[in-house]
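In order, the protein sequences belong to chains B and U. Numbering-wise, my numbering puts 369 at position 106 of the first sequence, and it's gapless, one number per residue. Numbering-wise, my numbering puts 681 at position 185 of the second sequence, and it's gapless, one number per residue. No residue lacks a Cβ here, since even glycine has one placed at the ideal position from N, Cα and C. Being a predicted model, the structure only gives us computed values, none of them experimental. Below you'll find the structure, written out as structure tokens, and then a few comments.
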Amino acid sequence: MLALEHVSYRYAGAPRPSLHEIDVALADGEVLGVVGASGAGKTTLCLVASGLAPRTVGGSLSGRLLLDAGDVAGWPIHRLAGTVAIAFANPATQLSGVTGTVYEEVAFGPMNLGLPRDEIIERCASALEQLAIADLADRHPARLSGGQQQLVALAGMLAMRPRHLVLDEPTAQLDPAGTALVAAALSRLVAGGASILLTEHKTDLLARLCSRVAVLDGGRVAFEGPAVVVLSDPRLAELGVTPPAADRLRQAASEADLAAATLQRVDEALAG
Amino acid sequence: MVIGGVLGPLLLAGVAVILPALVARVLGRLLRTSLLLSLPIAVSVLVVNLFFYPGGATVLLQLGPITATAEGLAFAVEVLARIMAISGAITLFYLTTPPGELVIDLERRGVSPRLAFVVNASAQTVPAMVERAAAITDAQRARGLDTQGSLWRRIRGVVPLAGPMLLGSLAEVEERTMALEARGFTRPGRRTLLWSPPDRGIERLARWALVASIPALIVLRAMGALG
Chain B
264 MLALEHVSYR
274 YAGAPRPSLH
284 EIDVALADGE
294 VLGVVGASGA
304 GKTTLCLVAS
314 GLAPRTVGGS
324 LSGRLLLDAG
334 DVAGWPIHRL
344 AGTVAIAFAN
354 PATQLSGVTG
364 TVYEEVAFGP
374 MNLGLPRDEI
384 IERCASALEQ
394 LAIADLADRH
404 PARLSGGQQQ
414 LVALAGMLAM
424 RPRHLVLDEP
434 TAQLDPAGTA
444 LVAAALSRLV
454 AGGASILLTE
464 HKTDLLARLC
474 SRVAVLDGGR
484 VAFEGPAVVV
494 LSDPRLAELG
504 VTPPAADRLR
514 QAASEADLAA
524 ATLQRVDEAL
534 AG
Chain U
497 MVIGGVLGPL
507 LLAGVAVILP
517 ALVARVLGRL
527 LRTSLLLSLP
537 IAVSVLVVNL
547 FFYPGGATVL
557 LQLGPITATA
567 EGLAFAVEVL
577 ARIMAISGAI
587 TLFYLTTPPG
597 ELVIDLERRG
607 VSPRLAFVVN
617 ASAQTVPAMV
627 ERAAAITDAQ
637 RARGLDTQGS
647 LWRRIRGVVP
657 LAGPMLLGSL
667 AEVEERTMAL
677 EARGFTRPGR
687 RTLLWSPPDR
697 GIERLARWAL
707 VASIPALIVL
717 RAMGALG
């Protein structure tokens, strides 16, 4: 379980908090989607949920971060690294910058954890295979496209085998095929009991992956609930979030005053 | 500095630089690079010593108030021989030692992972910065910035390039730091190393021979056997 209890957070030097009284909890094997307009606090929420704020970022935090029911306030960041993984939208800054091959890049985290050599090799092979980038293993990470680099960064995260994942727009630079690979890898992790906090502008992906979705506005949770309910809520658009294509189509069909039978066929097609 | 005269440094360069460069098949690149590397300082050394060597008595050439002396030329050649030996050794190291392998080997021998990271990151920063500079230059040109033409225009073009370059690099530092920490980089203790560079017996022997030659050369120098 990953939970934030009454969490407020303010960056150092900021006049007001970026997060206000956040209460979210993810059970094992659950994906919580987080949406909101730019500046709503999604990235800050990811930093707090991963323990990087305030440990690395600075600032002041009130409230509690709980991992598997334990308060992690006193944990050093390297202890959290083996439990919570985070991925950012920009792949260039997630790569270590010191490795000569994709394989070494994926192995970087497990090597830091001091894991046995054979286990590192097994984890790397598995992570590369899950994201279908085994053929890139010998390439230099800096010579890859943005999308490929993002997959490498995610493979590095998968190789850490964390119990909890915090993903800040991890598919921002990926094409549909890359996004599908990431979605499949995340589904496998969830089936294995991992909990995932996922911020995304791609609400279609959230509709596919998430059991629940929270909508952030001005650093507060505006509303939260089952994904199917929240992602079709008319307030989404008012808060700067584009609903999934299926919901927009359903809405357009409804507004076009189509015959009931046609509407039903649209619904059936979308559900299928 | 230990070996005096001209022949000493050249002999040392021949044994410790040229011969290994031949074996490593990088002699051509080594000569080109080390000559380019040492050219500015070599010209300076030659001019300064040829014309301004204190106590030079044998006049080779008189150019108005400036006099070139044989003693100055001899000293300049001696210094040049040393410079060539030093720049050759540095270039040989650069041409034959990939930074990644060096860092892994250092780490294997007990150097802290953080120090190893700093060395490695520094070595890899230059190509990354060059790529970033090229991207920013292209972006600024696309927006009408003139980075070609007269010297003045080029100088004026530096400011719009340096700003994004510097700010972009600084902005990335924080996110890169967070990504490293999230991957356990600050964990105390030794990392697991997946491999280590091959280290043959002959290479170990050559290294120890070079190390052992240092005190031997110092002793010989002190005894006056090296000129």
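Residue i: first and last residue of the uninterrupted alpha helix (DSSP H) it sits in
i	result
L542 of chain U	L523 to F548
Q558 of chain U	Careful: Q558 of chain U lies outside any alpha helix (DSSP H), inside the beta strand (DSSP E) at V555 to L559.
R451 of chain B	P439 to A454
F542 of chain B	Past the edges of chain B, shown from 264 to 535, lies residue 542 of chain B, and the structure says nothing about it.
Y366 of chain B	V365 to N375
A612 of chain U	P609 to A638
T306 of chain B	K305 to A312
R717 of chain U	G697 to A718
I383 of chain B	R380 to Q393
P694 of chain U	First-last for P694 of chain U: undefined, no H or E at that position.
Where residue i meets chain U, residues with beta-carbon distance less than 8 angstroms
i	result
V361 of chain B	G596, V599, F613, N616, A617 and Q620
T356 of chain B	E668, E671, R672 and A675
A313 of chain B	The identity of residue 313 of chain B in the sequence shown is Ser, whereas the question assumes Ala. Ordered by position in chain U, the residues that pass the 8 angstroms Cβ test against S313 of chain B are A678.
M374 of chain B	R687, T688, L689 and L690
G419 of chain B	R679
Proximal chain B residues relative to residue i, where beta-carbon distance stays under 9 angstroms
i	result
G685 of chain U	G377
Beta-carbon spacing of residue i, residue j below 8 angstroms
i	j	result
G584 of chain U	S540 of chain U	no
G606 of chain U	L376 of chain B	no
L556 of chain U	A566 of chain U	yes
A364 of chain B	R406 of chain B	Position check: residue 364 of chain B holds Thr in this sequence, whereas Ala was assumed. No, the Cβ-Cβ distance between T364 of chain B and R406 of chain B is not below 8 angstroms.
L690 of chain U	R380 of chain B	yes
H427 of chain B	S458 of chain B	yes
V513 of chain U	L588 of chain U	yes
G326 of chain B	A275 of chain B	no
V347 of chain B	L329 of chain B	no
V492 of chain B	L460 of chain B	no
L602 of chain U	A612 of chain U	yes
R683 of chain U	A344 of chain B	yes
T633 of chain U	L663 of chain U	no
I383 of chain B	T688 of chain U	yes
L546 of chain U	G568 of chain U	yes
E579 of chain U	S646 of chain U	The residue you asked about is not Glu; residue 579 of chain U is Ile in the sequence shown. Result no, Cβ atoms of I579 of chain U and S646 of chain U do not sit closer than 8 angstroms.
L591 of chain U	L526 of chain U	yes
V320 of chain B	L310 of chain B	yes
L494 of chain B	A470 of chain B	yes
Limits of the unbroken beta strand (DSSP E) element including residue i
i	result
F571 of chain U	That residue, F571 of chain U, is in no beta strand (DSSP E); its alpha helix (DSSP H) goes A566 to T592.
D601 of chain U	Taken as a continuous stretch (DSSP letters only), D601 of chain U belongs to no beta strand (DSSP E), being part of the alpha helix (DSSP H) at P595 to R604.
H427 of chain B	H427 to D431
I514 of chain U	Neither: I514 of chain U is in no beta strand (DSSP E) and is coded neither H nor E.
D480 of chain B	R475 to D480
A266 of chain B	L265 to R273
E487 of chain B	R483 to P489
C-beta neighbour in chain U for residue i, strict 8 angstroms
i	result
L407 of chain B	no
F486 of chain B	no
I383 of chain B	yes
A400 of chain B	no
T319 of chain B	yes
I340 of chain B	yes
R380 of chain B	yes
A370 of chain B	yes
G345 of chain B	yes
G326 of chain B	no
Residue-chain proximity (residue i, chain B), Cβ-Cβ < 8 angstroms
i	result
L506 of chain U	no
G680 of chain U	yes
T688 of chain U	yes
A624 of chain U	yes
Chain U contact residues for residue i, given Cβ-Cβ distances below 9 angstroms
i	result
M423 of chain B	A678, R679 and G680
A348 of chain B	A678 and R679
G304 of chain B	Correct list: empty, because the minimum Cβ distance to chain U is about 17 angstroms.
Beta-carbon neighbours of residue i, restricted to chain U and to distances below 7 angstroms
i	result
A477 of chain B	Under the 7 angstroms cutoff, chain U gives no residues; its nearest Cβ is about 22 angstroms from A477 of chain B.
G322 of chain B	Within chain U, no residue comes near G322 of chain B; the closest Cβ sits about 12 angstroms away, beyond 7 angstroms.
Using 8 angstroms as the threshold, is the stretch 502-512 of chain B in touch with the stretch 462-475 of chain B, meaning 3 or more CB pairs across them? Result yes; three or more Cβ-Cβ pairs closer than 8 angstroms.
Is it a yes or a no for the stretch 675-684 of chain U touching the stretch 353-362 of chain B, going by three-plus beta-carbon pairs under 8 angstroms? Verdict: yes, contact present.
Check whether the stretch 474-489 of chain B touches the stretch 297-309 of chain B, taking contact to mean three or more Cβ pairs, one atom from each stretch, closer than 8 angstroms. Touching, yes, given that three or more Cβ pairs across the two stretches are closer than 8 angstroms.
Any contact between the stretch 383-400 of chain B and the stretch 302-318 of chain B? By contact I mean 3 or more CB pairs, one from each, below 8 angstroms. Not touching, per the Cβ criterion.
Answer yes if the stretch 406-420 of chain B comes into contact with the stretch 434-453 of chain B, meaning at least three C-beta pairs across the two stretches below 8 angstroms, and no otherwise. Yes, the stretch 434-453 of chain B is in contact with the stretch 406-420 of chain B.
I want to know whether the stretch 535-552 of chain U touches the stretch 571-579 of chain U - three or more CB-CB distances under 8 angstroms. Because the criterion of three Cβ pairs below 8 angstroms is met, the stretch 535-552 of chain U and the stretch 571-579 of chain U touch.
For the structure I just gave you, are there three or more beta carbon pairs, one from the stretch 419-428 of chain B and one from the stretch 440-460 of chain B, closer than 8 angstroms? Counting C-beta pairs with one atom in each stretch, the stretch 419-428 of chain B and the stretch 440-460 of chain B have three or more that are closer than 8 angstroms, which means they touch.
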